[in-house]
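Undergrad:
In our numbering, the protein residues as written are 2 to 447.
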């Protein structure tokens, strides 16, 4: 029970957003009306509700002729009215029509309609109409035209027909549409009350994007043929008409596709008893309903199998990605955080040891005494080799390269005939802090 002004630049996705909204209304069994054609099969293939089609530039009389959008006592589930190119006929209405338009839009909620008006900018709408009804503002933007440094340039050079300026794809990302909804405060600088993201490819083909809105007629681009030599199809739009429901169009379109398959393949791809459908005379005289039902069921099964295989591929790729990402994340966490000792404050005293790896002692590690001077402080890799960090009294550090393995807090490092662990050394009687730098070269020690 509200009027939404859907704004956005040219080709930003305003029509796709309205198709996104229309799909939800139509599949919920609610009434849908628009001032342009809609593919009801794509809108809802299993829905049995017709769609009301208004003239491209509807008059106040056309709007009043719509009647109610929902039953009389309904207070929550309203009908949907989509109006495209509102800036061309709601900018400066003809003399005497402004008050009539304003009257209908004010009462649209009481008539059970949710109205979505598409316009490039809210400033194109008549000020009185916008001030009276413009409580909801929708700003639509495309988010898939983001350029990635180096990657976008390489793709445009390698595949200019797909990623170039004239390519079929304007970016690396799939067609992503963003819609920010403002309620009450219709300023573009305000914080949006709701933010919607959806992929536009899912709603391709529901609404035609090549319509020319003119008064009393509808002009649409069609393939050039003997019937339409100039490639334009003109439809008389002086009155309201109804588009057939999605379930009906689905049946007719499948029969047409099946008939084409039979004519091209000679019936090799379908069962012999279904060939009766390819006979136009049989269809005109009323073919066997059982045979037609079997043909439709066969096509349903084929489409379900294709959809099932497509979902299986998508889910398999998603699971593989999650598995690989999980393995990488687990390895990274184990490498950087597994067994890391608590941080120890380091003074300015440093002892550097650049000797070769210690020679293993002939005795077992358990027989060696526990060091009373040194304890383990950490471990790092340098040049592909491990380096043990030892901390002595006064915060003196030793860096000892060694091939011994690192086992976290349970590591026992053997050097100079003694065992060094995280709990060895640092006796209570030797805690005097040192000053300056102290370097030790074990090669000169005796």
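Cβ coordinates follow ideal geometry from the N, Cα and C atoms, glycine included.
Just reading off the alpha helix (DSSP H) that residue 42 is part of, what are its end residues?
TA: Residues 41–44.
Undergrad: Identify the continuous beta strand (DSSP E) that holds residue 63 and give its terminal residues.
TA: First-last for residue 63: 61–66, but that is the alpha helix (DSSP H), not the beta strand (DSSP E).
Undergrad: Counting only runs of 4+ residues fully inside the segment 107–144, write out the alpha helix (DSSP H) ranges in chain order.
TA: Runs found: 128–134.
Undergrad: Going by Cα to Cα distance, which pick from 84, 16, 400 is closest to residue 387?
TA: When each option's Cα is compared against that of residue 387, the closest is 400.
Undergrad: Out of 179, 147, 255, 62, state which residue places its alpha-carbon closest to the alpha-carbon of residue 7.
TA: The shortest Cα separation from residue 7 among 179, 147, 255, 62 belongs to 179.
Undergrad: I need the boundaries of the alpha helix (DSSP H) containing residue 26, first residue and last residue.
TA: 15–28 is the span of the alpha helix (DSSP H), which, as asked, contains residue 26.
Undergrad: Run through DSSP, which three-state label would residue 54 get?
TA: Strand at residue 54.
Undergrad: Please name the residue, chosen from 374, 95, 411, that lies closest to residue 418 on a Cα-to-Cα basis.
TA: The candidate whose alpha carbon is nearest that of residue 418 is 374.
Undergrad: Look at the alpha carbon of residue 239 and the alpha carbon of residue 211, and state the distance between them as a whole number of angstroms.
TA: Cα to Cα, the separation comes out at about 20 Å.
Undergrad: Return the chain-ordered list of same chain residues with a C-beta closer than 6 Å to the C-beta of residue 52, the five sequence neighbours on each side being excluded.
TA: Here the set comprises 33, 39, 41, 244.
Undergrad: If you reduce the DSSP assignment to three classes, tell me which class residue 288 lands in.
TA: Residue placement at residue 288 is flagged as unreliable, the pLDDT there being 49, under the threshold of 50; a coordinate-derived value is accordingly withheld.
Undergrad: Which residue or residues does DSSP assign as beta-bridge partners of residue 5?
TA: Paired residue(s): 117, 137.
Undergrad: Output the boundary residues of the alpha helix (DSSP H) element that contains residue 156.
TA: Looking at the DSSP string, the run of the alpha helix (DSSP H) that includes residue 156 is 152–159.
Undergrad: So residue 241 and residue 63 are in contact, right, with Cβ under 8 Å, and what is the actual spacing, rounded?
TA: Confirmed, about 6 Å.
Undergrad: Got a sec? Which residues, its chain only, sit under 8 Å from residue 420 by beta carbon, not counting five neighbours each side?
TA: Within the same chain, residue 420 has close Cβ partners 366, 369, 370, 371, 372, 413, 414.
Undergrad: Give me the DSSP bridge partner(s) of residue 221.
TA: 212, 234.
Undergrad: Which word fits residue 167, buried or exposed, when buried means at least 16 other C-beta atoms lie within 10 angstroms of its C-beta?
TA: Result: exposed.
Undergrad: Using DSSP with H/G/I as helix, E/B as strand and the rest coil, what is residue 167?
TA: DSSP places residue 167 in coil when its eight states are reduced to three.
Undergrad: By alpha-carbon positions, which one of 229, 137, 215, 223 ends up nearest to residue 193?
TA: Taking only the C-alpha atoms, the option nearest residue 193 is 137.
Undergrad: Near residue 61, what residues of its chain come up, given a Cβ to Cβ distance below 7 Å and the 5 sequence neighbours on each side ignored?
TA: Taken in chain order, the residues that qualify are 98, 101, 102, 105.
Undergrad: For the beta strand (DSSP E) that contains residue 416, what are its first and last residues?
TA: Here the beta strand (DSSP E) through residue 416 covers 414–416.
Undergrad: My guess is that residue 17 and residue 204 are in contact by the Cβ rule of under 8 Å, so how many angstroms apart are they, rounded?
TA: With a Cβ gap of about 5 Å, residue 17 and residue 204 count as contacting.
Undergrad: Taking DSSP's pairing of strands, which residues face residue 382 in a bridge?
TA: In DSSP, residue 382 forms a bridge with 387.
Undergrad: If you check the beta carbons only, do residue 81 and residue 23 fall under 8 Å apart?
TA: Their beta carbons are under 8 Å apart, which means residue 81 touches residue 23 by this criterion.
Undergrad: For residue 384, which residues from the same chain have a beta carbon less than 7 Å from its beta carbon, with the 5 sequence-adjacent residues on both sides left out?
TA: Cβ neighbours of residue 384 beyond the five flanking positions: none.
Undergrad: So, under 8 Å CB-CB, residue 201 and residue 14 are touching, yes? Tell me the CB distance rounded to an integer number of Å.
TA: Sure, about 6 Å apart at Cβ, within 8 Å.
Undergrad: Which class does residue 100 belong to by DSSP, given the choice of helix, strand or coil?
TA: DSSP places residue 100 in helix when its eight states are reduced to three.
Undergrad: Count the other C-beta atoms from every protein chain shown that fall within 10 angstroms of the C-beta of residue 411, then say buried if there are 16 or more, exposed otherwise.
TA: Counting Cβ neighbours within 10 Å, residue 411 comes out exposed, since fewer than 16 surround it.
Undergrad: Does any C-beta atom of chain C lie closer than 8 Å to the C-beta of residue 181?
TA: Although the question refers to chain C, the structure presented lacks it and comprises just one protein chain.
Undergrad: Decide if the segment 156–166 is in contact with the segment 109–118; the criterion is three or more beta carbon pairs, one per stretch, under 8 Å apart.
TA: The answer is no - the segment 109–118 does not touch the segment 156–166, with fewer than three Cβ pairs under 8 Å.
Undergrad: Hey, how far is the Cα of residue 84 from the Cα of residue 146?
TA: Approximately 27 Å, taken between the alpha carbons.
Undergrad: Could you have a look at residue 240 and say whether DSSP puts it in helix, strand or coil?
TA: Residue state, collapsed to three classes: coil.
Undergrad: Inspect the beta-carbon positions of residue 218 and residue 236 and report whether they are closer than 8 Å.
TA: Closer than 8 Å, so yes.
Undergrad: Buried or exposed for residue 35, going by 16 or more other Cβ atoms inside 10 Å?
TA: So residue 35 counts as buried.
Undergrad: Could you check the C-alpha separation between residue 422 and residue 407 for me, to the nearest Å?
TA: When rounded, the distance between both Cα atoms is 11 Å.
Undergrad: DSSP beta-bridge partners for residue 392?
TA: Per DSSP, 376, 398.
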